[in-house]
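Have a look at the structure below, then the notes.
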Amino acid sequence: IKGLNHDHEEVRARISAYLIILGDQVVGDLLSSCGQDEEWLRDLKFYIISEIGKPALDPLYQALKDPNPVTSSMAQKAFLEFGESAIVPLISGLYDQDPEVRKVSENALTRIGEPVIPHLLEEMAVRRDTDREPIISVIQHIGEPAIPYLIGNLIHSKGDRSKQMVQILSRMGAVTIPYLINSVREQSETSGIKEAILSMGRIAFPFLEEASERERGKTSVFAIDLLIQIDPVRSIEPMITALYHTDREVRETALDNLVASGEIAIPRLIQVLGSGDEEAVDLAKIALMKNGELAIPHLVDSLSDPMGANHALILEILRENETAALPYLIPFMAPGKDGHDEAMTLIREIGADATAPLLQALTGSGPELAREITFYLSELFSQDPRKFIMRLFSGPVPDTDLMYELVHTSPEVVIPELIDIFQGDDGSRALIAGDLLSRFGKDAIPPFIDALRSETDDDRKLEITSFLIRIGEDAIPDLVARLGDEDIAPYAMAALSAIGEPAVPALLPLLKSPDLIAQQYAIHALTRIGTPAASALMTLMQEDESLVPLISRILAGMGGSALPELIQELETLQGSGQEGSSRGIAVMSLITEIALSNRDDLRHLFSIQNPILITMFERIFISKGEQILAPLLDAVMYEQAVPDMAANIITSMRPQAQTAVTRLLKSIGPGDRRRIALLKVLGVLKDPASAPLMYEALQDPDHEIRMTAIRELGKFGREALGPLTDAMHDPDPHVRAAAVESLGDIGLPVLDQLIAALKDPDGSIRAAALKGISKIGEPGQFMLVQTLDDKDRKVRNAVARLLEESGWKPKYTTDRLSYLFAKEKFDDLIRIGPPSVDTLAKGLHDDDPEIRERSRDALAVIRDSIQT
167 IKGLNHDHEE
177 VRARISAYLI
187 ILGDQVVGDL
197 LSSCGQDEEW
207 LRDLKFYIIS
217 EIGKPALDPL
227 YQALKDPNPV
237 TSSMAQKAFL
247 EFGESAIVPL
257 ISGLYDQDPE
267 VRKVSENALT
277 RIGEPVIPHL
287 LEEMAVRRDT
297 DREPIISVIQ
307 HIGEPAIPYL
317 IGNLIHSKGD
327 RSKQMVQILS
337 RMGAVTIPYL
347 INSVREQSET
357 SGIKEAILSM
367 GRIAFPFLEE
377 ASERERGKTS
387 VFAIDLLIQI
397 DPVRSIEPMI
407 TALYHTDREV
417 RETALDNLVA
427 SGEIAIPRLI
437 QVLGSGDEEA
447 VDLAKIALMK
457 NGELAIPHLV
467 DSLSDPMGAN
477 HALILEILRE
487 NETAALPYLI
497 PFMAPGKDGH
507 DEAMTLIREI
517 GADATAPLLQ
527 ALTGSGPELA
537 REITFYLSEL
547 FSQDPRKFIM
557 RLFSGPVPDT
567 DLMYELVHTS
577 PEVVIPELID
587 IFQGDDGSRA
597 LIAGDLLSRF
607 GKDAIPPFID
617 ALRSETDDDR
627 KLEITSFLIR
637 IGEDAIPDLV
647 ARLGDEDIAP
657 YAMAALSAIG
667 EPAVPALLPL
677 LKSPDLIAQQ
687 YAIHALTRIG
697 TPAASALMTL
707 MQEDESLVPL
717 ISRILAGMGG
727 SALPELIQEL
737 ETLQGSGQEG
747 SSRGIAVMSL
757 ITEIALSNRD
767 DLRHLFSIQN
777 PILITMFERI
787 FISKGEQILA
797 PLLDAVMYEQ
807 AVPDMAANII
817 TSMRPQAQTA
827 VTRLLKSIGP
837 GDRRRIALLK
847 VLGVLKDPAS
857 APLMYEALQD
867 PDHEIRMTAI
877 RELGKFGREA
887 LGPLTDAMHD
897 PDPHVRAAAV
907 ESLGDIGLPV
917 LDQLIAALKD
927 PDGSIRAAAL
937 KGISKIGEPG
947 QFMLVQTLDD
957 KDRKVRNAVA
967 RLLEESGWKP
977 KYTTDRLSYL
987 FAKEKFDDLI
997 RIGPPSVDTL
1007 AKGLHDDDPE
1017 IRERSRDALA
1027 VIRDSIQT
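Going by this note's numbering, 485 is the number at position 319 of the sequence shown; the sequence numbering is gapless.
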């Protein structure tokens, strides 16, 4: 090996030949000796190794692992000199345990380049997924030269192999895309190519966009199909451009994809309509028609742009789906709006079929648009009334007020049509037709009466009756005339009852009718009309005494609704002194009968203000004896307080009332608030035997019941003092206040307790004490005057206010001075002068610092005035 550096070429040649003969055993030594060689000598040694040939590959591979960096690097260079023959061991080196060997092998394979690709792909086919990464890395580093091989494998492989190729191409990125696109032309099966491009996503978009314009036929179609999959929105523009392509297949593909894009493509398609390119315009028109209802809003909007797309073409497209377009065209009916004329052209072409959508559009329309729609609907009605009504009921039906406004001018045409609908099988439309018919008043009555007679369904008869009621007063003569017809009379009576007061004059004559059926239904109608009929019946009773029994029966049947009129009549009779007449007695008996038949009617009597009438009713009820107590107490239980009339009746029969109330209280469970009124009745009766009931009520779970028992206890005198005193210490301030107030019913014996309560810090207790004291009357007033000098400022003030409210006026100067001091009217005390000194002097020792200060100031003023 040293001899290779000999000066004589022949010597070098002989040594080289001998080394070649020695073969693979010299490879390691040759590599390790290259470190300091000149380039010519290194090349000679590489030549010797290459001439040794394949036997040198194994020691070269081993040299890659040599720890001597010179040896390993020279081995790598030697491999490169070997070219393809070195590929197999280098591929093995990719999987060596030594990372340096793996790295050197990868670099060597990468530098060899394209020739290694087939070998790498073959090796990859036999490797597991987890072992393929080193090979893929080499392919990626080789880069573009590998792409054709990868695409070839992609096209001719399936399943996992195809997925591997897609994965590698995707990792190599955008550089692969032109190759993939160019390969489409020659291939019948392009699914693998498509998958590879799609795996790269949006980076493929510009290449595909360019191909869609530049290429023809299969390649351009392929590009257009992928564009929409990669970015549906961004693809719209290149697909629109493709509508102008010279290749028909490309144009048709773009058309299909634009239709598939849906609404996002529509604005651009509309712009194409104005492009002037005949083929592109035709395709855009087809696409818009295929989009159907999705395109309509955009097409209609474009009518408002005078400089926009071809309006004639837009109208032509809209005609293909004019019914769906109608709701969008209607807003353009407003005068002066751009697109108004074109919209009206289409709306007029639609004709009566536009009726239902126009009616729907009225809801929520502005005044101008509503006016135009209404005008046009009236125009449609005048053109063909029958067809208009048919369309009116074909969709969602509008409110009958609007319908009537549109059709009321031709009742002779409209009513027969409405009757047909009314008598049809569609119940909901029949109701609307009936409602509309009722708006025509008298003209609709005969068909309704006929329908009532011929109808067998009870529910439909009630519906017809409701329409006659809506007609109102105009229907009264026909309805009254049918009261003798047993088939129709119940419904005619019901309608007259609902019409009410206007029907009364027509019904009254029937009370003397020989036709008993008509008379009976007239009685029923008047009874159901109630209060509005009562006055007329009272007048008729005055005019015709023969009708008094019948009218009395009708009024009694009215119940409470007749009471106001009957009471008014009784007051009128009493005012003229005729309350004792036969008529007055009849009216009073009638009132009593009605009142006793219903709790609320009896309560109505409690509201009578006329004292004479109150006394009369009290006597009547008292005369009925114990039987009156049950209805009376039942009515009282629903009152806030015991009415005076009820109290007078109850106290007139104390023993019986006491028994009845006790029995009722025991029958009503705790917590039932009807007990409140009964406890108040016991308070009215003041029977000592009631005390246990009151004590029991103090334990009721209901707060209001307990409060009522406390308030009423005081009326039982000294016996109640114990429970009330206990209640004054209840933790509930409301209970304490009620107990304090109730003490006032006991009288003078509890005055001291009440005055003490005036000092309570709780304002509600002090207020209750004042109310309790006020119940004691004049004896309590005297004690209150003494309390004006109380030490407590609040007590003095409260007592002064209570005396003032009771109308008390001080008779003596001392009382007046005490009153003014309690009211804290220091200016008045100053004006009185020296007589006030003693009172003000007491104020100097008051518990309240403000009172002390004001007393001091007042005394100083009086003193100064005396000195001057």
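We treat Cβ as the ideally placed atom computed from N, Cα and C, and that holds for glycine.
Cα-Cα separation, residue i to residue j
{"i": "His690", "j": "Ser701", "result": "16 Å"}
{"i": "Phe588", "j": "Ser604", "result": "11 Å"}
{"i": "Ile780", "j": "Glu878", "result": "26 Å"}
{"i": "Lys678", "j": "Ile637", "result": "27 Å"}
{"i": "Asn348", "j": "Lys269", "result": "34 Å"}
{"i": "Gly505", "j": "Arg557", "result": "26 Å"}
{"i": "Phe614", "j": "Val579", "result": "16 Å"}
{"i": "Pro838", "j": "Leu830", "result": "The sequence shown places Asp at residue 838, not Pro. Their Cα atoms are separated by approximately 12 Å."}
{"i": "Tyr184", "j": "Arg178", "result": "10 Å"}
{"i": "Pro300", "j": "Ile359", "result": "24 Å"}
{"i": "Leu364", "j": "Glu459", "result": "32 Å"}
{"i": "Arg840", "j": "Ile834", "result": "8 Å"}
{"i": "Asp710", "j": "Ile786", "result": "27 Å"}
{"i": "Ser755", "j": "Ser718", "result": "10 Å"}
{"i": "Tyr985", "j": "Ala923", "result": "20 Å"}
{"i": "Ile683", "j": "Leu703", "result": "20 Å"}
{"i": "Leu449", "j": "Gln437", "result": "12 Å"}
{"i": "Arg1020", "j": "Thr953", "result": "21 Å"}
{"i": "Glu272", "j": "Arg208", "result": "23 Å"}
{"i": "Glu403", "j": "Ser441", "result": "14 Å"}
{"i": "Met331", "j": "Glu266", "result": "28 Å"}
Proximity to residue i [Cα-Cα], best of the options
{"i": "Asp955", "options": "Glu805, Leu1025, His1011", "result": "His1011"}
{"i": "Tyr261", "options": "Thr296, Val282, Gly666", "result": "Thr296"}
{"i": "Ile539", "options": "Ala312, Ile483, Glu355, Gln526", "result": "Gln526"}
{"i": "Gly339", "options": "Arg619, Ser271, Ala312", "result": "Ala312"}
{"i": "Asp422", "options": "Thr412, Gly442, Met455", "result": "Met455"}
{"i": "Val304", "options": "Ile317, Leu320, Arg997, Pro284", "result": "Pro284"}
{"i": "Asp507", "options": "Leu756, Leu481, Asp586", "result": "Leu481"}
{"i": "Phe554", "options": "Leu524, Phe987, Val808, Ala370", "result": "Leu524"}
{"i": "Arg619", "options": "Leu768, Leu645, Thr412, Ala520", "result": "Leu645"}
{"i": "Ile912", "options": "Lys832, Thr891, Arg932", "result": "Thr891"}
{"i": "Arg1022", "options": "Gln1033, Ile1032, Thr1005", "result": "Thr1005"}
{"i": "Gly650", "options": "Arg626, Asp681, Thr575, Asp624", "result": "Asp681"}
{"i": "Thr874", "options": "Leu528, Ala664, Ala903, Pro854", "result": "Ala903"}
{"i": "Leu275", "options": "Asp926, Ile253, Val267", "result": "Ile253"}
{"i": "Ser663", "options": "Pro698, Leu851, Thr342", "result": "Pro698"}
{"i": "Gly367", "options": "Ser354, Asp397, Gly383, Glu355", "result": "Asp397"}
{"i": "Asp467", "options": "Ser560, Pro493, Ala453", "result": "Pro493"}
Supposed close pair residue i, residue j - CB separation, criterion 8 Å
{"i": "Gly726", "j": "His770", "result": "6 Å"}
{"i": "Glu515", "j": "Glu488", "result": "7 Å"}
{"i": "Leu692", "j": "Val714", "result": "No, Leu692 and Val714 are not in contact; Cβ-Cβ is about 15 Å, not under 8 Å."}
{"i": "Ile334", "j": "Ile302", "result": "6 Å"}
{"i": "Gly938", "j": "Glu907", "result": "5 Å"}
{"i": "Pro1000", "j": "Ile1017", "result": "With 8 Å as the limit, Pro1000 and Ile1017 do not qualify as a contact, their Cβ atoms being about 20 Å apart."}
Residue i burial status per 10 Å Cβ neighbour count (16 or more: buried)
{"i": "Arg872", "result": "buried"}
{"i": "Glu375", "result": "buried"}
{"i": "His322", "result": "exposed"}
{"i": "Ile187", "result": "exposed"}
{"i": "Tyr804", "result": "exposed"}
{"i": "Arg648", "result": "buried"}
{"i": "Phe388", "result": "buried"}
{"i": "Thr385", "result": "buried"}
{"i": "Arg351", "result": "exposed"}
{"i": "Tyr213", "result": "exposed"}
Cβ-heavy atom distance, residue i to the ligand MG, below 7 Å
{"i": "Ala527", "result": "Of ligands this structure carries none, so the ligand MG is not represented either."}
task = Jot down the residue ranges of each uninterrupted alpha helix (DSSP H) in the region 308-368, minimum 4 residues, whole runs only, in chain order.
result = If we require 4 residues or more, the alpha helix (DSSP H) runs fully inside the region 308-368 come out as 313-321, 325-338, 343-349, 357-365.
task = Would you list, in sequence order, the uninterrupted alpha helix (DSSP H) runs of no fewer than 4 residues that lie entirely inside the region 545-598?
result = 551-558, 566-573, 577-588
Ordered list of alpha helix (DSSP H) runs contained in the region 687-755, each at least 4 residues = 697-709, 714-724, 729-741
query = Which runs of the alpha helix (DSSP H) fall wholly inside the region 384-449 and span at least 4 residues, in chain order?
reply = Listed in chain order, the complete alpha helix (DSSP H) runs (minimum 4 residues) inside the region 384-449 are 402-408, 414-427, 432-438.
Within the region 184-212, ranges of the alpha helix (DSSP H) (whole runs, at least 4 residues) = 193-198
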